[in-house]
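Only one structure is covered here, and it is reproduced in the block below.
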Amino acid sequence: MNVRSQIKDYIAAQPEAKQKDLQELHGLILGIMPDCKLWFLDGKDESGRVVSNPNIGYGVQAIKYADGKNKDFYQIGMSANTTGISVYIMGIKDKKYLAEKFGKKIGQASVTGYCIKFRALKNIDVDVLEDAIRYGIEQTRA
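Numbering (the UniProt record's numbering), first residue to last: 1 to 142.
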């Protein structure tokens with residue numbers, strides 16, 4: 001199954017309200033990054049054990065590990081979780097930046113070093129989320 005089909009099936013499998021929000025976010029991110037690489041991670045490790053929620057990724061960046069090895073990974077990600085939706089903004093060096101810059105303006109969301117988690121889109125300022133996504137993309141642009 002190709003990545004676009006996996007993403008479509010994943011979104012379709014969510015409860016209706018979350019499905020609508022995920023579809024809107026998917027469209028928003030694709031509007032910002034129309035030609036980006038798409039990822040779908042099913043949340044399982046090599047042995048098939050579930051280690052995280054499945055997630056959708058957008059774009060590509062090279063992550064450099066302490067041992068000098070590089071790995072490609074997505075720039076922006078999103079995932080349904082038990083209480084709502086998480087948007088991952090990967091590759092930001094300053095782990096306080098997202099919370100300091102966007103945390104007070106975004107609405108009802110928890111903002112950490114790379115994750116913005118909220119119950120529903122109606123609870124947040126989507127323009128602020130879009131600004132955070134754009135910032136993350138700029139930070140990881142090759």
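Glycine included, C-beta positions come from ideal geometry on N, C-alpha and C.
Pull up the distance between the alpha-carbon of residue i and that of residue j, whole angstroms please.
| i | j | result |
| --- | --- | --- |
| residue 105 | residue 128 | 7 Å |
| residue 53 | residue 67 | 27 Å |
| residue 29 | residue 48 | 29 Å |
| residue 16 | residue 120 | 12 Å |
| residue 3 | residue 38 | 7 Å |
| residue 20 | residue 122 | 11 Å |
| residue 12 | residue 43 | 17 Å |
| residue 114 | residue 135 | 12 Å |
| residue 9 | residue 141 | 29 Å |
| residue 6 | residue 117 | 22 Å |
| residue 64 | residue 93 | 12 Å |
| residue 41 | residue 62 | 17 Å |
| residue 56 | residue 88 | 10 Å |
| residue 86 | residue 126 | 13 Å |
Hey, quick one: how far does the alpha helix (DSSP H) through residue i stretch, first residue to last?
| i | result |
| --- | --- |
| residue 5 | 3-12 |
| residue 128 | 126-140 |
| residue 99 | 97-102 |
Starting from residue i, trace the beta strand (DSSP E) both ways and give me its first and last residue.
| i | result |
| --- | --- |
| residue 111 | 109-111 |
| residue 38 | 38-41 |
| residue 17 | From DSSP, residue 17 is part of no beta strand (DSSP E) but of the alpha helix (DSSP H) over 16-32. |
| residue 62 | 61-64 |
| residue 78 | 76-80 |
| residue 55 | 55-58 |
| residue 72 | 70-73 |
Note down, in chain order, each residue of its chain lying with its Cβ closer than 6 Å to the Cβ of residue i, except the 5 sequence neighbours on either side.
| i | result |
| --- | --- |
| residue 18 | 80 |
| residue 71 | 63 |
Give me, in chain order, the residues of the same chain whose beta-carbon lies closer than 8 Å to that of residue i; leave out the 5 immediate sequence neighbours on both sides.
| i | result |
| --- | --- |
| residue 14 | 22, 80 |
| residue 32 | 130, 133, 134, 137 |
| residue 59 | 33, 36, 37, 74, 75, 76, 137, 140 |
Keeping to the same chain, check which residues put their C-beta closer than 7 Å to that of residue i; ignore five residues upstream and five downstream.
| i | result |
| --- | --- |
| residue 124 | 106, 107, 108, 109, 118 |
| residue 45 | 51 |
| residue 111 | 98, 99, 102, 103 |
| residue 95 | 113 |
(message) Under 8 Å: do the region 73-83 and the region 95-103 share three or more Cβ pairs, one atom per stretch?
(response) no
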